[in-house]
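Data block below; observations after.
In the numbering used here, the protein residues as written are 800 to 1161.
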């Protein structure tokens, strides 16, 4: 009887223990908020599917050979073209990036019309163009001396929009250390790198035998670089110009990824009309550009974060005679943005997104 009583007591204890375990599981399920579970699932999905940060920027250079500071009519014509360009871009939410060399920047002050500030106020991007000339790009000098050329151009745009809004430039290629010089001048990024930037690098650090000084100073100067478009869409952190490889402690961010000039995309840079910059602007150019953007979207890896594609549109194309083609172009990139393949942005916004991603302190 004693053994039987012990068995019964043990059974009761087991039943009570199971009851407590069941109650504990029920309490946990009821007290943990369901939205916390949902949030954890969402976070897990976000980790599995990172956001696409492939930006599309539209760039226009106000060139060094423009005479806007001497010719008010020319300046006002350029102002009208830029306003027309902004109107076209605004229809789809695209972002223009207007880069100014000295004559156009000076003209803003000479003719008392600050179109660069107007561009910024309308939500588009502004920066400096650094087509510095052979007296700087072909004559050996220290980074500090070379920086004076960058700074001279930068100051003219800073006056118009504030230094905090003018963080980058395109150009500055040559035999001297353009990375250090641009950084000393106050720039944070170099946009649209070309093969001419390889001139500052020793031969052994250049990516192939074709990139000789003779070739780079001739037909190779304006070749988009890196030449592999799929590789070129990602920003590169540089500490100096001794090679074209990323550095862990950069002073400048290089942002390549250019599709080239819109009106010769179909013909290609080797065509005679492209070399003379007199190609006819056609629907084939638009189709070829959209194909390049789609190609970049296909190969883009969201795990690598921020990337950029730039379409260069010279100001001369912003004429009423090109309206149908321009409307088509902006409509087409608007569709790509609607599909989530690309984001519109200014170069400054791309730079800031990259800095936020990497944590670099420039």
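Glycine included, every Cβ here is placed at the ideal spot set by N, Cα and C.
Alpha-carbon spacing of residue 1103 relative to residue 971, whole angstroms: Position 304 of the chain shown, counted from the first residue, corresponds to residue 1103. Position 172 of the chain shown, counted from the first residue, corresponds to residue 971. Straight-line spacing of the CA atoms in residue 1103 and residue 971 works out to 28 Å.
Could you check which residue in 865, 860, 851, 883 has the C-alpha nearest to that of residue 1120? Position 321 of the chain shown, counting from 1, holds the residue named residue 1120. Here the closest residue by C-alpha is 883.
Can you tell me which of the three DSSP states residue 1078 falls into? By 1-based counting over the chain shown, the position of residue 1078 is 279. Here residue 1078 sits in coil by DSSP.
Proximity to residue 1023 [Cα-Cα], best of 1064, 952, 986, 959: As a position in the chain shown, residue 1023 is number 224, starting the count at 1. Selection 1064, 952, 986, 959 evaluated against residue 1023 yields 1064 as nearest (Cα-Cα).
DSSP state of residue 1038, grouped into three classes? Reading the chain shown from its first residue, position 239 is the one you call residue 1038. Looking at residue 1038 - three-state DSSP - the assignment turns out to be coil, as it is neither helix nor strand.
Any beta strand (DSSP E) of 3 or more consecutive residues that is wholly inside the region 894 to 937: Runs of the beta strand (DSSP E) inside the region 894 to 937: 895 to 899, 924 to 929.
If you count every other CB in all the chains shown that lies within 10 Å of the CB of residue 1002, and 16 or more means buried, which is it? Here the question's residue 1002 lines up with position 203 in the chain shown. The residue is exposed, with fewer than 16 neighbouring Cβ atoms inside 10 Å.
With a cut-off of 9 Å, does the C-beta of residue 1116 fall near any C-beta of chain B? The chain inventory of the structure shown lacks chain B, comprising one protein chain alone.
Locate the beta strand (DSSP E) running through residue 860, then write down its first and last residues. In the chain shown, the residue the question calls residue 860 occupies position 61. Going by DSSP, residue 860 is part of the beta strand (DSSP E) stretching over 853 to 861.
As an exercise, report each continuous beta strand (DSSP E) stretch of at least 3 residues that is fully enclosed by the region 953 to 1024, in chain order. Here the runs fully enclosed are 967 to 970, 988 to 990.
Could you tell me which of 960, 1016, 1107 sits nearest to residue 1029, measuring between CA atoms? Taking the chain shown and counting its residues from 1, the one referred to as residue 1029 is at position 230. The alpha carbon of residue 1029 has as its nearest neighbour, out of 960, 1016, 1107, the alpha carbon of 1107.
Residues that residue 1143 bridges to, as DSSP identifies them: Along the chain shown, read from residue 1 onward, the residue named residue 1143 stands at position 344. The partner list for residue 1143 (beta bridge, DSSP) reads 855.
Can you find the residues in the same chain that come closer than 6 Å, C-beta to C-beta, to residue 990, ignoring five residues on each side of it along the sequence? Against the chain shown, residue 990 aligns to sequence position 191. If the five residues before and after residue 990 are omitted, its C-beta is found closer than 6 Å to the C-beta atoms of 967, 969, 1054, 1146, all from its own chain and listed in chain order.
Residue interval of the beta strand (DSSP E) (run including residue 890): Position 91 of the chain shown, counted from the start, is the residue given in the question as residue 890. Per DSSP, residue 890 belongs to no beta strand (DSSP E) and is neither H nor E.
Go to residue 1031, then tell me how far its alpha helix (DSSP H) extends in each direction, as first and last residue. By 1-based counting over the chain shown, the position of residue 1031 is 232. Boundaries of the alpha helix (DSSP H) around residue 1031: 1028 to 1031.
Do you know offhand how far residue 916's Cα is from residue 1158's? Stepping through the chain shown from its first residue, residue 916 is reached at position 117. Stepping through the chain shown from its first residue, residue 1158 is reached at position 359. Taking the Cα positions, residue 916 is about 29 Å away from residue 1158.
For residue 1038, tell me which candidate among 960, 950, 1062, 942 has the shortest Cα-Cα distance. Here residue 1038 corresponds to residue number 239 of the chain shown, with the count starting at 1. Selected option, being the one with the closest Cα: 942.
Using 9 Å as the threshold, is the C-beta distance between residue 933 and residue 979 below it? The residue you call residue 933 lines up with position 134 of the chain shown. The residue you call residue 979 lines up with position 180 of the chain shown. Against a cut-off of 9 Å, the Cβ pair of residue 979 and residue 933 comes out as no contact.
What is the DSSP secondary structure of residue 1126, counted as helix, strand or coil? For the purposes of this step, residue 1126 is taken as residue 327 along the chain shown, with counting starting at 1. Assigned with DSSP and collapsed to three states, residue 1126 falls in helix.
So, with DSSP's three-state summary, where would you put residue 1057? For the purposes of this step, residue 1057 is taken as the residue at position 258 of the chain shown. Here residue 1057 sits in strand by DSSP.
Does the structure place the region 1136 to 1143 close enough to the region 1006 to 1017 that three or more beta carbon pairs sit under 8 Å? Under the 8 Å Cβ criterion, the region 1006 to 1017 does not count as touching the region 1136 to 1143, having fewer than three qualifying pairs.
Compare the C-alpha of residue 996 against each of 1041, 1057, 959 and name the closest. For the purposes of this step, residue 996 is taken as the residue at position 197 of the chain shown. The residue with the shortest Cα to Cα distance from residue 996 is 1041.
Reduced DSSP category for residue 1065 - H, G, I as helix; E, B as strand; rest coil: Here the question's residue 1065 lines up with position 266 in the chain shown. Here residue 1065 sits in coil by DSSP.
Counting only the same chain and skipping the five closest in sequence on each side, list residues whose C-beta sits under 6 Å from that of residue 956. For the purposes of this step, residue 956 is taken as the residue at position 157 of the chain shown. Within the same chain, residue 956 has close Cβ partners 899, 904, 927, 965.
Going by DSSP, what residue range makes up the beta strand (DSSP E) through residue 869? Taking the first residue of the chain shown as 1, we reach residue 869 at position 70. Per DSSP, residue 869 is not a residue of any beta strand (DSSP E), being assigned neither H nor E.
So which of 1062, 1086, 874, 1069 has the shortest CA-CA distance to residue 1077? On the chain shown, position 278 is the one that residue 1077 refers to. The candidate whose alpha carbon is nearest that of residue 1077 is 1062.
Which of helix, strand or coil does DSSP assign to residue 1106? In the chain shown, counting from the first residue as 1, residue 1106 sits at position 307. Residue 1106 falls in the strand class under three-state DSSP.
Where residue 1066 falls, given that 16 or more other Cβ within 10 Å makes a residue buried: Locating residue 1066 in the chain shown gives position 267, where the first residue counts as 1. Taking every protein chain shown into account, the CB of residue 1066 has 16 or more other CB atoms within 10 angstroms, so this residue is buried.
In whole angstroms, give me the CA-to-CA distance for residue 902 and residue 876. On the chain shown, residue 902 is found 103 positions in, with the first residue counted as 1. On the chain shown, residue 876 is found 77 positions in, with the first residue counted as 1. Their backbone Cα atoms lie some 14 Å apart in a straight line.
Which residues does DSSP list as the beta-bridge partners of residue 1051? Start at 1 with the first residue of the chain shown, and residue 1051 comes out as number 252. The secondary-structure analysis by DSSP pairs residue 1051 across a beta bridge with 1037.
CB contact flag (residue 1216, residue 975, <9 Å): This structure cannot speak to residue 1216, because the chain is shown only from 800 to 1161.
Nonlocal neighbours in the same chain, by C-beta distance under 7 Å from residue 1060, ignoring five residues either side: Counting from one through the chain shown, the residue named residue 1060 turns up at place 261. Excluding residues up to 5 positions away in sequence, 1111, 1113 lie with their Cβ nearer than 7 Å to the Cβ of residue 1060 in the same chain.
Is it buried or exposed for residue 1176, if we count other Cβ within 10 angstroms and need 16 for buried? A question about residue 1176 goes unanswered here, because the residues of the chain that appear run from 800 up to 1161.
Can you check whether the CB of residue 880 is closer than 9 Å to the CB of residue 1117? Indexing the chain shown from 1 puts residue 1117 at position 318. Indexing the chain shown from 1 puts residue 880 at position 81. In this structure, residue 1117 places its C-beta atom within 9 Å of the C-beta atom of residue 880.
When you compare the CB positions of residue 1221 and residue 857, do they come within less than 9 Å of one another, or not? Because the chain in this structure spans residues 800 to 1161, residue 1221 falls outside the shown range and cannot be described.
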